[in-house]
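For the sequence shown, the working numbering begins at 7 and goes up steadily by one.
By construction, the Cβ of each residue, glycine as well, lies at the ideal position given by its N, Cα and C atoms.
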Amino acid sequence: MHKSVSIKEDKINELLLNLEFNNIKAYYFTDHVRAKEKIISLISNKDLIGFGGSETIKEIGLLDEIINGSYNVLNRFDPMNSKEEKWEIQRRALLSDVFITGSNAITLNGKLINIDHSGNRVAGILFGPKKVFIVVGINKIVDSTEEGIMRAQYYAAPLNAKRAENDYHPPCLENGKCLDCSSQERICNCLVILKRQYKKDRITVFIIGEELGF
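Spelled out as structure tokens, the structure:
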């Protein structure tokens, strides 16, 4: 069950306008069902679809619908993939027609803030795929860049480490807190703040009025 969250309409409108000013197309949906319908309507079965890591697209059923549909998918999530195969799929996704992922935080003035392990997700957001769809719950909205960085590193990253504990064992896995470590197992190696998209409407952000992902 997805938890609906209220936020003042003027804040949503402010965010949508600021994203548009930053050359990022933006939509707001009160629930994930409408958001998913819109995203699906924008995808062709001729498109090569790649993914960045995102709990949100899993939670709303978007990932399953695309993977199980008649789409041309680079499925990095297939458990049968070896590490080498997954790595190659992630590289190929950088040349996809549509790259679908989430974001750790989004500021009211329209900046996207993300932390990555290897950088494949932020790389796809920045350059390569023809179109990028970023799906976020309303819980990702923050007031400032500083708050967004704090959210990404000190809230989302430890939870992401827990999710990936079969593959990585950074210190934050033990105590649930980011220590800004130098471990080889560190998952928050890349911090990227996207202030503005160079190519208008290459990136589309779908904001959903529910708590989704982390």
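Taken in chain order, the unbroken stretches of alpha helix (DSSP H) that lie wholly in the stretch 112 to 181 and span 4 residues or more are 126 to 132, 151 to 156, 163 to 169, 178 to 181. In the structure shown, the three-state DSSP call for Ile-46 is helix.
If you draw a straight line from the Cα of Pro-135 to the Cα of Ile-95, it is about 13 Å long. Between Leu-22 and Tyr-34, the C-beta gap is smaller than 9 Å, which places the two residues in contact.
The residues Lys-31, Phe-139, in chain order, have a CB closer than 6 Å to that of Thr-210 in the same chain once the five nearest residues on each side in sequence are set aside.
Bridge pairing for Asn-78: Leu-54 [DSSP]. Rounded to the nearest whole angstrom, the C-alpha separation of Arg-202 and Asn-28 is 5 Å.
Rounded to whole angstroms, the gap between the alpha carbons of Arg-82 and Cys-178 is 25 Å. Taking 9 Å as the cut-off, the Cβ atoms of Gly-59 and Arg-127 count as close. With fewer than 16 other Cβ atoms from the protein chains shown falling within 10 Å of its own Cβ, Lys-89 counts as exposed. Annotation: Lys-64 to Asp-53 spans about 20 Å, alpha carbon to alpha carbon. According to the DSSP assignment, Thr-62 belongs to the alpha helix (DSSP H) that extends over 61 to 65. Straight-line spacing of the CA atoms in Leu-48 and Tyr-160 works out to 34 Å. By the Cβ rule, the stretch 178 to 197 does not count as touching the stretch 143 to 150, because fewer than three pairs are nearer than 8 Å.
Inclusion of Ile-66 and Ile-214 in the CB contact set at 9 Å is warranted, their separation being smaller than that value.
Between Val-148 and Ile-121, the CB-CB gap reaches or exceeds 9 Å. The continuous stretches of beta strand (DSSP E) do not include Phe-83, and DSSP gives it neither H nor E.
For Leu-200, the enclosing beta strand (DSSP E) stretches over residues 196 to 200.
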